[in-house]
Amino acid sequence: MEPGSGSTIMSYAGITGATDVQPQVDPYFHAVSVQQVTNYIKSTTCQTNINTGNNVPTVNAGSNYTIPRGTPFVLEGTASDVDAGDVLTYCWEQFDENNASTTYPNVNNTSGVAFRSFNPSTDAKRYFPRLETIKQGATSWTWEAVPNVARNLNFRLTVRDNVAGGGTNNSDNMVVTVNGTAGPFVVNSPNTNVTWNAGTTQTVTWNVAGTTANGVNTASVDIYLSTDGGDTYSIALASNVPNDGSHDILVPNNQGNQNRIMVKGNNNIFFDISNANFTIAGQVVCNVAVPTGLTISNVGSDAATAGWDAVAGANYDVRYREVGTSTWTEVPGIAGVSYNITGLTPLTQYEVQVRSVCPDTSTSAYSSSVTFTTTDVQLNYCSSASTNINDEYIGRVQLNTIDNSSGGQFYTDFTNISTTLTKGSQYTITVTPTWTGTVYAEGYSVWIDYNRDGDFTDAGEQVWSQSATTATPVSGNFTIPAGAVENSTRMRVSMKYNGIPTSCETFTYGEVEDYTVIIEGTGPDTTPPVIALTGPSVVNLNVGDTYTEQGATAIDDIDGDISSNIVIGGDVVDTNIASTYV
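As numbered in the working numbering, residues 170 to 751 make up the sequence shown, in order.
Given below as structure tokens:
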């Protein structure tokens with residue numbers, strides 16, 4: 170029932186050498202010894218019984234629990250005694266038979282004793298392992314080991330009333346089941362000697378480690394503060410909050426440098442504490458001021474980080490928008506001095522402003538705008554190349570303004586060379602092969618990533634192909650579709666010996682080259698619309714007559730019907746004056 174030599178009055182403490190738990194025995198019986206003595210006395214008939222008048226205390230060890238592996242836990246029972254003057258003491262002991270081959274507790278043992286016995290105490294709870302070990306960030310030491318494997322731990326709580334000349338005791342049992350899948354449950358922050366100011370909002374984080382399921386089934390946690398270096402946790406910072414790994418708490422005005430955080434399973438016994446003391450400093454007086462030092466960093470295609478200098482005691486509001494637009498996107502209540510802006514549009518200019526907000530809700534003015542431009546989307550195209558250019562390669566590519574001659578390479582990235590192509594327009598691409606000796610039949614293919622999704626597999630993106638031929642040069646025509654994305658994109662030109670290449674192929678003889686093409690909308694409409702008057706072109710009026718203009722219609726041969734208003738200009742008609750009006 171005890172590891173090593175043991176420590177209770179019937180143990181071998183102090184005489185077993187390396188396995189001594191301590192140098193001498195403690196003057197109390199282990200729960201199993203109490204049980205053995207009690208059972209023996211009850212079985213005898215030779216004694217004379219004397220009524221002491223002392224009542225036996227009642228005791229409740231509490232419910233059985235399932236906890237995650239590798240995680241500290243605390244047991245707390247209750248007891249009462251009708252004899253009001255009795256001082257009750259509590260002794261939590263593991264009640265599992267020890268295996269002779271497991272002298273020392275081990276986190277991987279699935280049976281045997283994992284925890285030594287300690288002297289009875291007036292405190293009804295016991296931490297496993299001892300707090301001294303937990304405060305060092307550990308879950309085991311020589312004579313205590315929180316299991317890191319699935320197993321059951323049987324415990325007995327013995328309560329003594331310590332009445333001289335006729336004391337009584339009582340006990341109750343409970344079981345802790347260690348789940349081998351969940352855990353370890355650990356506090357991640359605060360875990361260093363940080364400083365928190367009273368009145369500020371801070372974030373406590375922890376590793377949930379499967380404790381919301383796996384038989385542990387703990388959906389919420391409680392968060393406590395210790396101000397004495399981790400010995401007691403009497404200040405509740407949050408109760409029954411979601412067990413999701415993070416929670417914001419309001420720092421109380423308990424100033425000092427001996428603070429620890431405990432996160433404990435709500436209605437459960439497992440917990441963890443921060444590994445180091447941290448400091449709570451006084452509340453900072455907040456005077457609103459426009460934040461300075463606003464900068465933008467980590468600019469990507471859809472996100473950027475705004476950062477600024479701190480205003481003492483304040484939180485912050487950030488707002489941003491596309492340059493030239495009127496509507497701001499507002500982000501209130503930022504606790505730190507940076508914010509990651511997401512959901513942005515590539516290749517777009519934005520402006521950002523920030524202001525400070527004090528706890529009394531007073532705010533500063535917004536800062537001046539800082540602008541930035543998001544980057545282009547980084548697309549990862551498949552690779553394609555030949556493995557031999559000794560016999561043939563692409564010597565020249567011509568398309569619109571591109572006219573690129575080059576030497577032999579397996580693959581060449583020519584994306585620094587570009588041309589602009591207009592939707593709805595037809596273009597001719599010409600590829601000239603180079604043979605170093607014998608003329609071989611070559612196949613060709615050209616792709617354009619019209620929708621800019623990083624591949625050439627969408628319908629219509631293979632814009633031209635040519636079966637194997639010895640002709641030189643070879644040419645083909647294609648038209649830019651109306652649905653192409655108006656942006657820069659990738660064009661791939663491939664030549665392969667004796668076959669039409671595919672877009673992501675590695676082949677033996679030939680070459681692959683990539684270029685950039687810029688897709689733009691249809692060109693400017695230079696053809697004037699055709700206007701037809703609804704009424705007659707010449708109208709004769711008598712002085713003083715009233716005439717209603719019947720309007721006009723207009724058709725644009727390029728763009729279709731004109732949808733804007735048609736304004737008929739010319740002289741102002743005064744029906745009181747005879748004249749000719751245009």
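A virtual CB, placed ideally from N, CA and C, is assigned to each residue, including glycine.
Own chain, CB closer than 7 Å to residue i, minus 5 neighbours either side, in chain order
i              : result
asparagine 339 : Val225, Pro226, Thr227, Val228 and Val328
arginine 285   : Glu171, Pro172, Ser176, Val190, Trp312 and Glu313
isoleucine 303 : Pro241, Tyr296 and Ile442
alanine 637    : Ala610, Glu611, Gly612, Asn667 and Gly668
leucine 568    : Thr588, Tyr596 and Ile598
aspartate 545  : Ser470, Pro515 and Leu516
threonine 540  : Val492, Gln518, Tyr519 and Glu520
alanine 653    : Lys592, Tyr619 and Ile688
threonine 601  : Gly564, Arg565, Thr641 and Pro642
leucine 300    : Gly399 and Asp400
Residue-level contact to chain D via CB, residue i, 8 Å cutoff
i              : result
tryptophan 261 : Absent here is chain D; the protein component of the structure consists of one chain.
Buried versus exposed call for residue i [16 or more other C-beta atoms within 10 Å across all chains shown]
i              : result
lysine 294     : exposed
aspartate 391  : buried
aspartate 627  : exposed
cysteine 260   : buried
alanine 686    : The sequence given here places valine at residue 686; alanine does not occur at that position. With 16 or more Cβ atoms within 10 Å of its Cβ, valine 686 is classed as buried.
glycine 752    : Nothing can be reported for residue 752, as the shown portion of the chain is limited to 170 through 751.
asparagine 317 : buried
glutamine 263  : buried
threonine 658  : buried
alanine 187    : exposed
threonine 380  : buried
alanine 248    : buried
asparagine 437 : buried
tyrosine 209   : exposed
leucine 322    : buried
glycine 451    : exposed
asparagine 348 : buried
Where residue i sits in the DSSP three-state scheme
i              : result
glycine 612    : strand
serine 212     : helix
isoleucine 727 : With a pLDDT of 47 at isoleucine 727, under the threshold of 50, the modelled position of that residue is not reliable, and no figure is offered here.
glycine 645    : strand
valine 655     : Going by the sequence as given, residue 655 is glutamate instead of valine. If DSSP states are grouped into helix, strand and coil, glutamate 655 belongs with coil.
valine 385     : coil
threonine 474  : strand
alanine 253    : coil
glutamine 567  : strand
asparagine 734 : Reliability fails at asparagine 734, whose pLDDT of 48 lies under 50, so the model's placement of it is uncertain and no value is given.
valine 206     : helix
valine 506     : coil
valine 201     : helix
glycine 679    : strand
alanine 314    : strand
Of the listed residues the options, nearest to residue i (C-alpha basis)
i                 : options                           : result
glutamine 547     : Asp471, Gly606 and Gly576         : Asp471
serine 466        : Ala475, Asn573, Ala458 and Val539 : Ala475
aspartate 478     : Gly493, Thr494 and Val506         : Val506
glycine 352       : Thr511, Thr308, Tyr402 and Phe625 : Thr308
alanine 388       : Ala458, Phe439, Arg238 and Tyr562 : Phe439
asparagine 423    : Val432, Val410, Gly434 and Ala405 : Ala405
serine 174        : Thr530, Ser249, Phe625 and Thr272 : Thr272
glycine 512       : Asn277, Val345, Thr543 and Pro670 : Thr543
asparagine 220    : Phe287, Met664, Arg325 and Gly334 : Gly334
valine 608        : Glu561, Thr601, Ser575 and Asp624 : Glu561
glycine 281       : Pro289, Asn288, Asp292 and Glu266 : Glu266
phenylalanine 625 : Gly606, Ser594 and Pro670         : Pro670
aspartate 255     : Asp292, Thr279, Met343 and Val332 : Val332
alanine 801       : Thr464, Ser574 and Asn277         : One cannot answer for residue 801 here, as it falls past the ends of the chain, which runs 170 to 751.
aspartate 529     : Thr605, Gly577 and Val457         : Val457
Other residues of its chain near residue i: CB distance less than 6 Å, five sequence neighbours each side excluded
i             : result
aspartate 730 : In this prediction, aspartate 730 has a pLDDT of 49, which is less than 50 and means its spatial position is unreliable; nothing more can be read from the coordinates.
serine 358    : Thr374
tyrosine 684  : Phe583, Ile586 and Met660
valine 681    : Ser553, Ala554, Tyr580 and Ser663
valine 194    : Ile178, Ser180 and Ala182
threonine 448 : Thr364 and Asn426
Other residues of its chain near residue i: CB distance less than 8 Å, five sequence neighbours each side excluded
i              : result
glycine 336    : Asn223, Arg329 and Asp330
tryptophan 633 : Ile598, Tyr613, Ser614, Val615, Gly645, Asn646 and Phe647
valine 377     : Phe354, Asn412, Asp413 and Gly414
threonine 677  : Ser555, Thr556, Asn557 and Tyr666
valine 206     : Phe198
Check your understanding: Touch check for the stretch 184 to 201 and the stretch 210 to 226: three-plus C-beta pairs under 8 Å?
Key -> no
Point to revise | Three-pair Cβ contact test at 8 Å for the stretch 420 to 440 versus the stretch 396 to 404 | key: yes
Check your understanding: Should the stretch 615 to 625 be regarded as contacting the stretch 574 to 589, the criterion being three or more beta carbon pairs within less than 8 Å?
Key -> no
Review point. Between the stretch 474 to 489 and the stretch 511 to 527, are three or more C-beta pairs nearer than 8 Å?
Key: yes
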